Amino acid sequence: MPAFDAFTVTATVNRPEYLDAQWYRDGQAIAGATELSYTIDPVTEADDGAQYVLHLSNGIYSLVSDSATLNVTADTTAPSLEEVSLLSDTSIHLSFSEGLDPSSVSDLSAYQIAWRGLRVPVKSAVLSEDGDSLVLNVATALEGNYVLELTSTLSDLAGNLLANTQWMHSQRFEGTLLIDFGNSASSSTDSAGSVWNNVTTTIGTSNTGALESLKSSTGEDSSVNLQMIARFQGANTSGTRASTLYPSTAESWWIGLERARFIMRRT
Ligand SMILES: [Ca+2]
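60 is the number that the numbering used here gives to position 25 of the sequence shown; each next residue is one higher, with no gaps.
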């Protein structure tokens, strides 16, 4: 068995209530090991080859079990991050394939969370008792998509480093996003200060070419962010899609993790 797992040796006897039990390891009585089962958790490579026998006695007769040999192999399997979920908007639950070394999780710089172009600080990291789950408490309420990146200093008890270090959490937006590119009176001048000037204020305004958290047609926050990749100067007069600068697949874009359908509407 691999190191750092639990090992249990059990004897089966008829009428155990009349018997006193004592486990021995390599000929030495083990203090406190007086039940029919004995567990070592976790085993280490130093336990490799240990022999266990059970001595049973009813006061008149005594009996010694066959011996059981414990074979321990080195743990060479790296832990992996299996699942990430939000417990609340400020706490993230991480599940790992096995227990992590508690000393490897305490450095908060091991956790990088990117959300809407921001780095969200991690305030605390709390490892479960068995070490295979971790709760990260963050300073900012997370809505929608975020990317979690872990440094590879996280390890299991044998020192094997975490195998996968990045996790993208996405919430699929189901709905329609309306983007209004304005009317013929809107400015079509290529001005650095008005790069997004043709988008109405009900959707969002920006002079940086980026729109955060587009609203759906029902006013719901979609958590979808949009970054302008090219201006379509003067395109409004003949329809946005007529611009050669605009992708021909304009109705359906991949934006970050989301597939969002855009309906172009001229007003
Ligand atoms: Ca391991």
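Note that the Cβ used here is the ideal one computed from N, Cα and C, for glycine as well. Quick caveat, the model's predicted, so the values are computed rather than measured.
(message) Suppose the cutoff is 6 Å on Cβ atoms and the five residues either side in sequence are ignored; what does the same chain contact list for Ala-64 look like?
(response) Cβ neighbours of Ala-64 beyond the five flanking positions: Gln-57.
(request) Give the DSSP-derived three-state secondary structure of Leu-143 in the structure shown. (result) The answer is helix: DSSP assigns Leu-143 an H, G or I state.
(request) Please check the pair Leu-71 and Ala-85, which I expect to be a contact at CB under 8 Å, by giving their CB distance rounded to whole angstroms. (result) Taking C-beta atoms under 8 Å as the contact rule, Leu-71 and Ala-85 fail to qualify, at a distance of about 18 Å.
(message) Considering just the uninterrupted stretch of the beta strand (DSSP E) at Arg-151, what are its terminal residues?
(response) For Arg-151, no beta strand (DSSP E) run applies, since DSSP gives it neither H nor E.
(message) Which of the three DSSP states is assigned to Ala-41 in this structure?
(response) Here Ala-41 sits in coil by DSSP.
(request) Determine contact between the region 157-171 and the region 120-133, defined as no fewer than three beta-carbon pairs at a distance below 8 Å. (result) The region 157-171 vs the region 120-133: in contact.
(request) Measure the alpha-carbon distance for Pro-37 versus Leu-192 and round it to whole angstroms. (result) Pairing Pro-37 with Leu-192, the inter-Cα distance amounts to about 12 Å.
(request) Rounded to whole angstroms, what's the CA-CA distance from Asn-49 to Thr-69? Just pull it up for me. (result) One C-alpha to the other measures close to 16 Å.
(request) Measure how close the beta-carbons of Ser-25 and Leu-91 come, nearest whole angstrom, since I'm counting them as under 8 Å. (result) The structure shown does not extend to residue 25, since the chain is modelled only from 36 to 302, so the question has no answer here.
(request) Using three-state DSSP, classify Glu-70 as helix, strand or coil. (result) Judged by DSSP in its simplified three-state form, Glu-70 adopts coil rather than helix or strand.
(request) Just mark Val-44 as buried or exposed, buried being the case when its beta carbon has 16 or more other beta carbons within 10 Å. (result) By the neighbour-count criterion, in which a residue is buried when 16 or more other Cβ atoms sit within 10 angstroms of its Cβ, Val-44 is buried.
(request) Kindly indicate the opening and closing residues of the beta strand (DSSP E) around Ile-127. (result) Its beta strand (DSSP E) spans residues 126-131.
(message) Check whether the region 114-121 and the region 156-164 touch, using three or more Cβ-Cβ pairs below 8 Å as the test.
(response) With a cut-off of 8 Å, the region 156-164 and the region 114-121 do not count as touching, because too few Cβ pairs lie within range.
(message) For the beta strand (DSSP E) containing Leu-89, name the first residue and the last one.
(response) In this chain, the beta strand (DSSP E) harbouring Leu-89 covers 86-92.
(message) What does DSSP give as the partner residue(s) for Tyr-181 in the beta ladder?
(response) Partner(s): His-204.
(message) Less than 7 Å separating the Cβ of Pro-114 from some heavy atom of ligand 1?
(response) Flag set: Cβ of Pro-114 near ligand 1.
(request) Can you have a look at Gly-62 and say buried or exposed, based on whether 16 or more other CB atoms are within 10 angstroms of its CB? (result) Residue environment: Gly-62 is assigned as exposed (fewer than 16 neighbouring CB atoms within 10 Å of its CB, all protein chains considered).
(request) Taking 8 Å as the cut-off, decide whether the C-beta atoms of Thr-79 and Ser-139 are in contact. (result) Thr-79 is not a Cβ neighbour of Ser-139, given a cutoff of 8 Å.
(request) Out of Phe-39, Tyr-73, Tyr-146, point me to the one whose CA is closest to Ala-46's CA. (result) If we check each option's Cα against that of Ala-46, Tyr-73 comes out closest.
(message) Just to confirm my understanding: we take Gly-166, look at its own chain, exclude 5 residues before and 5 after, and list those with CB closer than 7 Å. What are they?
(response) The residues are Gly-134, Leu-135, Pro-137.
(message) Less than 7 Å separating the Cβ of Glu-80 from some heavy atom of ligand 1?
(response) No, since every heavy atom of ligand 1 falls outside the 7 Å radius drawn around the Cβ of Glu-80.
(message) Taking 6 Å as the limit between beta carbons, can you name the residues of its chain near Val-161, skipping five residues before and five after?
(response) Excluding residues within five positions, the ones whose Cβ falls inside 6 Å are Val-170.
(message) Buried or exposed for Gly-179, going by 16 or more other Cβ atoms inside 10 Å?
(response) When all chains shown are included, Gly-179 counts as buried.
(message) Please state whether the Cβ-Cβ distance between Leu-197 and Pro-114 is less than 8 Å.
(response) Less than 8 Å separates the beta-carbon of Leu-197 from that of Pro-114.
(message) Taking only three categories from DSSP, how would you classify Ala-336?
(response) There is simply no residue 336 to check, as the chain begins at 36 and stops at 302 in what is shown.
(request) Would you mind stating whether Asp-110 and Phe-39 have Cβ atoms separated by less than 8 Å? (result) Taking the C-beta atoms as reference points, Phe-39 is found nearer than 8 Å to Asp-110.
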